[in-house]
Structure formats: structure tokens, C-alpha cells
Amino acid sequence: MLCAVGIDLVFLSPYASARMPALLLTSFIWALSFGLLGNCLSGLPASFVALARMAGSFAVFLPFVRKAPLSHAVGMMGIGAVQFGGMYLFYIAAFHYLPSHQVALFTATTPIYVVLIDGLMKKNLPPLHLAAAILAAMGGAGILWKGYSSGNGELTGIVLVQLSNLCFAAGQIAYISLKNSWFGRSEASCFAYAYAGALLVTLPSGLPSGLACWQGISTVQWWLLTYLGVIASGVCFFLWNYGARRVTPVKLAIMNNLKIPLAAMTSLLLFREHSNMFLLSIGCLLILASFLIVPISLKNDA
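Using this note's numbering, the first residue of the sequence shown is number 1458, and each one after it goes up by one.
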């Protein structure tokens, strides 16, 4: 209920961008993906799942490829290699050191990295922007918190998740900083180059693990991999970056954590998982509060 109220506020707010629905739609789809990965694909090698997702993403955008200046093509491949390829590799490696709920917990710092990187690039970091990002991070972390105790390798896992968050945040900021001239007549064409870069990064580790396990993959799992590659990764990463270029960096930072309460609600309703409703409510309220800071921040910046 709190999540639904927050979404209504975003749509009704006079400060909400007309492009915000692209980010909202993506957040809903990614919320479902958490449950599919955790309940249906957990037995597959994570590196192969990452490769399959990037291969599906590249395949769906391959028909849109158009000739581009070499510097633009290489630049987009670099962004894709970092934002998608590097993010997945660090994210996957973290599962060797942390349980899945803790990996999800420590992804909640992504909004802070988005605001910090944008502020460093512009040499301007408004305090309210940082406050909104920290509230969003606290909300996301609170929803998934199940207790944390230091142990062997857990610090390594935390560092890996933070590197993953940095990759995803840096890729978003790099993408939204591009001039319109980079995209020519087709933003989709440029995105094909980004997926090509991500595919090159995930191929070395994903191909061997895929060759070792492909015979044991069920038909349902193949369909789920196709869905995750084409829709949850291919279409959604495009929608996410498309929307990211059309909202303010602080809104983008907050939206990075909206998927966490949505994922929690999806797991409760569809996958019959259990959650601490008190923490879920507090987390949603914190993320809501971060949304409410945005118009105040924009007024002060005007």
C-alpha cells in the first residue's frame, strides 16, 4: 500500500518528469525478476545467466544497429562494458561470499553513488540531493535487513557489491552526460553497441560455465532466460537509460532503489515469501521521504 501511494505521488507531483513512467515500468519488471532468479534459476551458474541475459539483450537490439562514428561506437561499448558487463561480474562474484539477501541489501547504496558521481562531474553536490539519496539507500537497506554479522569473506563480498553498484551508477551518469549528437537518429542503435561491449565482458566466464551445464537446463528455464535477456535486461536497460537521460540526477538516484520495495511486495504476493512487514513499511516510508525532498531541492536550486 505504501509503495502504491509513493507511485501515485510521483505521477501526480508537478515536479515529476513526463519520462518518469519509463523508470517506473522498469522498476516493476525488475521487481518480478528478483523472484524469478531466486526461485527458478538459482541452480544455474550465475556467470552463464549473466551471459545469457547480455546475449539476449544484444540479439534483440541487433536489427537496430546503424553505422556510427568509431569514437561513438567505442564509447557506447565502453559504457555497456562498465554499466552492464562489469556490474554483472562483480555482482555475481559477491554471491560466493554473501547470501542473496545480503547482496540485495548492499545494493541499496547505488543512489548515493549516482549523486556523488554526478556531483563530482559537475563539481557541485547539493546537500539536499545527497540527503535524498541517503534516505533512499536507508529505505532499501531497511526493507531487506535480516541482521549482519562479520565473518570470513563477508568483507570481500561487500566490496564486490559496492564495485557493482559503482559500475551501474557510473554507467548511468556517463550515459546521461552524452550529447544528443551521439545518438543521431536512433538511440536504439547506440544501445546495440552498449550491449556488444557488455557481451564481450561476460563471454570469457559465462561461456565455459554454459557449456558445462546447458544439457541440464529445463525448457522452463530456457524460456525464463529468454524473458530475462530480452525483456528484463534488453528492453528494460534501454528504458532505464532512456528515462535516465530525461530526469534529474537526484530523481534517478532515488529511482534506483524503488525496485527494492516493489520486489519485496512481489515476493510476498506472487512467490509466497515471508518478510518483516515493519521493516518493509519503514523502508517504504524512507524512500517516500526521499521523493518528497526532490521538489524542495529543485526549488532551492532554481
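Each residue gets a CB set at the ideal place from its N, CA and C atoms; glycine is no exception.
Given the structure is predicted, the values throughout are model-derived calculations rather than measurements.
- Counting along the chain, no alpha helix (DSSP H) covers L1498, and no H or E run does either.
- Membership of V1616 in the alpha helix (DSSP H) is indicated by the continuous run E1611 to I1633.
- Here the alpha carbons of C1624 and V1539 stand approximately 5 angstroms from one another.
- In this structure M1544 is buried. Its beta-carbon is surrounded by 16 or more other beta-carbon atoms within 10 angstroms.
- Taking the CA atoms as reference points, L1508 sits about 11 angstroms from Y1652.
- Exposed is the label assigned to V1677, since fewer than 16 other Cβ atoms lie within 10 Å of its Cβ.
- Nearest to F1563 by C-alpha distance, out of L1664, L1620 and S1675, is L1620.
- Exclusion of the five residues before and after E1611 leaves Y1554 and L1555 as the residues of its chain whose Cβ lies within less than 7 angstroms of its Cβ.
- V1531 counts as exposed, since fewer than 16 other beta carbons sit within 10 angstroms of its beta carbon.
- Per DSSP, the continuous alpha helix (DSSP H) segment holding S1662 begins and ends at E1644 to C1670.
- In the displayed model, K1708 falls within a helix according to three-state DSSP.
- Between the C-alpha atoms of S1528 and N1698 there is a straight-line separation of about 20 angstroms.
- L1546 and V1618 do not touch by the CB rule: their CB atoms are close to 12 angstroms apart, not below 8 angstroms.
- Relative to A1588, the option among N1581, V1572, K1579 and K1580 whose CA is nearest is V1572.
- By the neighbour-count criterion, in which 16 or more other beta carbons inside 10 Å mark a residue as buried, S1638 falls on the exposed side.
- Taking 8 angstroms as the upper bound for CB-CB distance, V1522 and S1690 are not in contact here, some 17 angstroms apart.
- Shown here, G1641 sits in coil according to DSSP, grouped into three states, outside any helix or strand.
- Distance between N1622 and A1701, taken at the CA atoms: about 16 angstroms.
- Taking the Cβ atoms as the reference, L1519 lies roughly 6 angstroms from A1649, within the contact range of under 8 angstroms.
- By the CB criterion at 8 angstroms, F1541 and F1640 fall outside the cutoff.
- Counting the other CB atoms within 10 Å of its CB gives G1673 a total below 16, which places it among the exposed residues.
- Ranking W1671, K1580, I1486 and P1568 by CA distance to the CA of P1706 puts P1568 first.
- Rounded to whole angstroms, the gap between the alpha carbons of S1643 and R1510 is 22 angstroms.
- The continuous alpha helix (DSSP H) containing S1504 extends over residues A1503 to F1518.
- Taking each of C1670, G1654, G1576 and I1549 in turn and checking the Cα distance to G1614, the smallest one comes out for I1549.
- Linking L1480 to M1712 through their CA atoms gives a straight-line distance of about 7 angstroms.
- In the structure shown, F1485 adopts helical secondary structure according to DSSP, grouped into three states.
- The beta strand (DSSP E) runs lying completely inside the region 1536-1585 and spanning 3 residues or more number zero.
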